[in-house]
Amino acid sequence: MAVSSSYGAYLRLGTLLSAQDPPDFASLEPGERPSSKTRDLQHHDEMLFIVVHQVFELWFKLILHELSLARDLLGRHGSEIDEHVPEEDVPRIHAAVARVNETLRIATEGFRVIETMNPANFLQFRDLLIPSSGFQSVQFRELEILAGLPEQLRMDFEGAPYESKLNETERQILQDRRDAMTLHAALFDWLSRTPIERVFPDFAESFLAAFETYVDEQIVHQHGNPNLVDSQRQAAEVRFKDQLEDARRYLLGGDDPTNRAHQAFLFIASYGNEPLLRWPSALVDGLVEFEQCFRIFRFRHARMVERMIGTRTGSGGSPGVVYLDRTTAKYRIFGDLLEARNFLLAGDRVPPIPDDRLLHFRFED
Ligand code: HEM
């Protein structure tokens, strides 16, 4: 006879709610599974510490699920790139990214719950955690890799790679992630195929000419700024001219696919109100928001850590909050999307599209 479902059985609450007793590492024999012997909580607040971390890991699981969908739809299942992403998939990809952003936001708020713990109470059981640390969260690393954090940005850990604290199975999981396509790469490939030339054949050159006019005007404004001394006016001029050079390099100075992707970012950001560009524009904005949410997550974690343990060495052995602040400043995933914001122009300054009917909906028999 078939067993009928129930709330607890469907959610496997038996398994989930029996996983809060900490393993008794001290009494484990070599090779014994950590779940086979557990100990009592060392302090009342240790329950908070465990539950909060488990909740975060569940949020990470959901984020990985959604980012994988976004990557698969954009990049066609991680290996072969399909030449065409169906238009109806773009809102689905956007919805997955929007869900990730909300999840990151709610997870970031979760640090408030752990901050209800008195730091001195934390010290009652903190030493039992050594050498484990959030540094060993495999899902967090998977998330970074799947989204597309460039490996060359990573800081090593006193000369050893960040994954040196993981076991072989965990390292293999990360290797598999590195071997698969990232969301950033899938986005880049998709954008580099945007047929801008069909709508606006010399978009990059026209845009740069408009940007140069803007830069010239800004220089005149700053030269007339009564609040600046001459050296500050000169410095402002140099900065504007550098930005013009940056715009040239961004749009025309790389290899062909990179230039095309950058042109597409700027094209979509500049003409995002055109009906056919609304969803691509919402998706690109969603990824800019992801970059922002992820950075705020890192920053918020670091502030919680500072409040809890000051600047002392982390349980994983890193320089603690100093290390965490460095990751916040350095780690960028969708930095290219943000860079396009340096060059945006007001709507009436953007060169008009030669035939914008091509970007409107058409209903045909
Ligand atoms: C009292 C609470 C916490 C303290 C004092 C703390 C402290 C630290 C410290 C010092 C590090 C740097 C590595 C090390 O040396 O250990 C770290 C890394 C990390 N922690 Fe926490 N943490 C706390 C709670 C959390 C929570 C609730 C999460 C959520 C999952 C978390 C996730 C992480 C992650 C993912 C890293 C790696 C960050 C990276 O390498 O970029 N931590 N934590």
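Sequential numbering of the sequence shown, starting at 36, is according to my numbering. Backbone N, C-alpha and C define an ideal beta-carbon position, used for all residues, glycine too.
Handout entry: V87 - containing alpha helix (DSSP H), residue span
Key = Start and end: 81-110.
Practice task
Starting from the C-beta of A296, find all residues in its chain whose C-beta is less than 6 Å away, skip the five residues before and the five after it, and write them out in chain order.
Solution key: Contacts found: F223, L226, S227.
Practice task
Compute the Euclidean distance between the alpha carbons of D390 and L243, then round it to the nearest angstrom.
Solution key: When rounded, the distance between both Cα atoms is 19 Å.
Handout entry: Residue of P387, G145, L164, V234 minimising C-alpha distance to R338
Key = Of P387, G145, L164, V234, the residue nearest in Cα terms is G145.
Exercise for the section: Taking only the alpha-carbon atoms, compute the straight-line gap between R268 and R384 and give it to the nearest angstrom. Expected result: Roughly 24 Å between the two C-alpha positions.
Practice task
Specify whether the region 343-350 and the region 255-268 touch according to this definition: at least 3 beta carbon pairs, one from each stretch, less than 8 Å apart.
Solution key: Verdict: no, contact absent.
Problem - Of the residues K96, I128, F91, F302, the one placed nearest L394, counting alpha carbons only - result: For the residues K96, I128, F91, F302, the minimum Cα distance to L394 belongs to F302.
Practice task
Could you spell out where the alpha helix (DSSP H) holding H219 opens and where it closes?
Solution key: 218-227 is the extent of the alpha helix (DSSP H) around H219.
Practice task
Look up T363 in the DSSP assignment and say whether it is helix, strand or coil.
Solution key: In the structure shown, T363 sits in a helix (DSSP, three-state: H, G or I).
Handout entry: Complete beta strand (DSSP E) runs within the region 318-376 (minimum length 3 residues, chain order)
Key = Qualifying beta strand (DSSP E) stretches: none in this window.
Practice task
Please report the residue range of the alpha helix (DSSP H) in which R284 lies.
Solution key: Per DSSP, R284 belongs to the alpha helix (DSSP H) from 265-287.
Practice task
Throw me the rounded Cβ distance for the R106 and T217 pair, which I believe falls under 8 Å.
Solution key: Yes, R106 and T217 are in contact; Cβ-Cβ is about 7 Å, under 8 Å.
Handout entry: Rounded Cβ spacing between I149 and L93 (contact assumed at less than 8 Å)
Key = Actually they are not in contact, since the Cβ atoms of I149 and L93 sit about 15 Å apart, beyond 8 Å.
Practice task
Jot down the residue ranges of each uninterrupted alpha helix (DSSP H) in the region 158-236, minimum 4 residues, whole runs only, in chain order.
Solution key: 173-182, 203-214, 218-227, 231-234, all fully within the region 158-236.
Practice task
State the Cα-Cα distance for the pair L380 and Y306, rounded to the nearest angstrom.
Solution key: L380 and Y306: Cα-Cα distance of roughly 11 Å.
Problem - C-beta contact flag for P386 and S241 at 8 Å - result: One thing to note: P386 has its Cβ within 8 Å of the Cβ of S241.
Problem - Pocket of the ligand HEM (residues with CB nearer than 6 Å to any heavy atom), chain order - result: Going by the Cβ distance cut-off, the answer is V87, H88, F91, I149, F157, S168, G169, F170, S172, F175, H336, V340, M343, I344, G349, S350, G351, G352, S353, G355, Y358, L359, T362.
Problem - First and last residue of the uninterrupted alpha helix (DSSP H) at D251 - result: D251 -> alpha helix (DSSP H) spans 238-258.
Handout entry: Buried versus exposed, by CB contacts within 10 Å (16 or more), T151
Key = T151 comes out exposed.
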